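Under the working numbering, the letters of the sequence shown match residues 109 to 272, in that order. Note that the Cβ used here is the ideal one computed from N, Cα and C, for glycine as well. Since the structure is predicted, the reported quantities are computational estimates derived from the model, not experimental observations. One structure below.
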Amino acid sequence: MTSLGGPTAVGAASPSDERIESVLASVRARGGRVTTARRLLLSVLFRGDTHRTAEDLASEVQAIAPDVHLSTIYRNLDELEQLGVVVHAHLGHGPATYHLGSDTHGHLVCETCGSMTEAPADFFDALASNARAHHGFAIDHRHFAVLGQCQACQRVDGPPITGA
């Protein structure tokens, strides 16, 4: 059986193990401690789906280590965000979600059904250019969400409401 953060085969490490060790080296370099809870959280982040709430991540960690508290998860997420490992995004209603910071993208969120589509950062380049040129505002693609109505909900509810 493979231990968390350990080799997957004799003498070989998986790409996620290497990424976890790289992040832990950054934590150590900043004077942070490498704890079991932090290692477990990183393991969950690197192997799972992209957008999950702190509560979702805590549940996954607690399935392995029941004594890890939600407050510990939040503290670790804050530190990992400062390191640029994770990014939080507000995708409409509900709590913030977290995803890996290396995966820069924007979000299209349906306010009717709650579906979320990831759009590559360059999808919003024209908007970002206009925001900077006309308002001196720099858009952070990592936190970006556009609320509206998906194609399926438009068919059911009629055309989307457009701004005046």
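Checklist entry - Could you check where the beta strand (DSSP E) with L208 kicks off and where it finishes? => result Working through the sequence shown from its first residue, we reach residue 208 at position 100. Per DSSP, L208 belongs to the beta strand (DSSP E) from 205-208.
Checklist entry - Going by Cα to Cα distance, which pick from G244, R183, G200, Y206 is closest to V194? => result One-based indexing of the sequence shown puts residue 194 at position 86. V194 has its Cα closest to that of Y206, out of G244, R183, G200, Y206.
Item to check | Contact under 8 Å by Cβ, E163 with L178 | outcome: Stepping through the sequence shown from its first residue, residue 163 is reached at position 55. Stepping through the sequence shown from its first residue, residue 178 is reached at position 70. In contact: E163 and L178 (Cβ atoms closer than 8 Å).
Checklist entry - Going straight from the alpha carbon of C258 to that of T225, what length do you get? => result Here residue 258 refers to the residue found at position 150 of the sequence shown. Here residue 225 refers to the residue found at position 117 of the sequence shown. Taking the straight line from one Cα to the other gives about 9 Å.
Next on the checklist: To the nearest angstrom, how far is the alpha carbon of L185 from that of R155?
Outcome noted: Indexing the sequence shown from 1 puts residue 185 at position 77. Indexing the sequence shown from 1 puts residue 155 at position 47. Those two C-alpha atoms are separated by around 16 Å.
Item to check | CA-to-CA distance, V135 to P115, given in whole angstroms | outcome: For the purposes of this step, residue 115 is identified with residue 7 of the sequence shown, where counting begins at 1. For the purposes of this step, residue 135 is identified with residue 27 of the sequence shown, where counting begins at 1. Interpretation of P115 is limited by its pLDDT of 40, a score under 50 that renders its predicted location unreliable; the figure taken from the coordinates is listed afterwards. Their Cα atoms are separated by approximately 21 Å.
Checklist entry - Under the three-state reduction of DSSP, which class applies to F198: helix, strand or coil? => result Here residue 198 is taken as the residue at index 90 of the sequence shown, counted from 1. First, the amino acid is wrong: residue 198 is His here, not Phe. H198: coil per DSSP, three-state reduction.
Checklist entry - Can you give the beta carbon distance from S151 to I181, rounded, assuming they're within the 8 Å contact cut? => result As a first step, residue 151 is located in the sequence shown; it is residue number 43 there, counting from the start. As a first step, residue 181 is located in the sequence shown; it is residue number 73 there, counting from the start. With a Cβ gap of about 13 Å, S151 and I181 do not count as contacting.
Checklist entry - Where does H215 sit, in a helix, a strand or coil, going by DSSP? => result Your numbering for residue 215 matches position 107 in the sequence shown. Looking at H215 - three-state DSSP - the assignment turns out to be strand.
Next on the checklist: My assumption, with CB atoms under 8 Å, is that S214 sits in contact with A227. Please give the rounded CB distance.
Outcome noted: Numbered from 1 along the sequence shown, position 106 holds the residue referred to as residue 214. Numbered from 1 along the sequence shown, position 119 holds the residue referred to as residue 227. In the sequence under discussion, the amino acid at residue 214 is Gly, which differs from the Ser named in the question. Sure, about 5 Å apart at Cβ, within 8 Å.
Item to check | Endpoints, beta strand (DSSP E) assigned at T225 | outcome: To locate residue 225, count along the sequence shown from 1; it is residue 117. Residues 224-228.
Checklist entry - Just how far apart, CA to CA, sit L112 and G139? => result In the sequence shown, residue 112 corresponds to position 4, counting from 1. In the sequence shown, residue 139 corresponds to position 31, counting from 1. At L112 the pLDDT is 41, less than 50, meaning the model places this residue with poor confidence; the figure from the coordinates comes in the next sentence. For L112 and G139, the distance between alpha carbons rounds to 22 Å.
Item to check | Closest residue to E189 among G244, L216, S210 (Cα-Cα distance) | outcome: Here residue 189 is taken as the residue at index 81 of the sequence shown, counted from 1. Minimum Cα distance to E189 is reached at S210.
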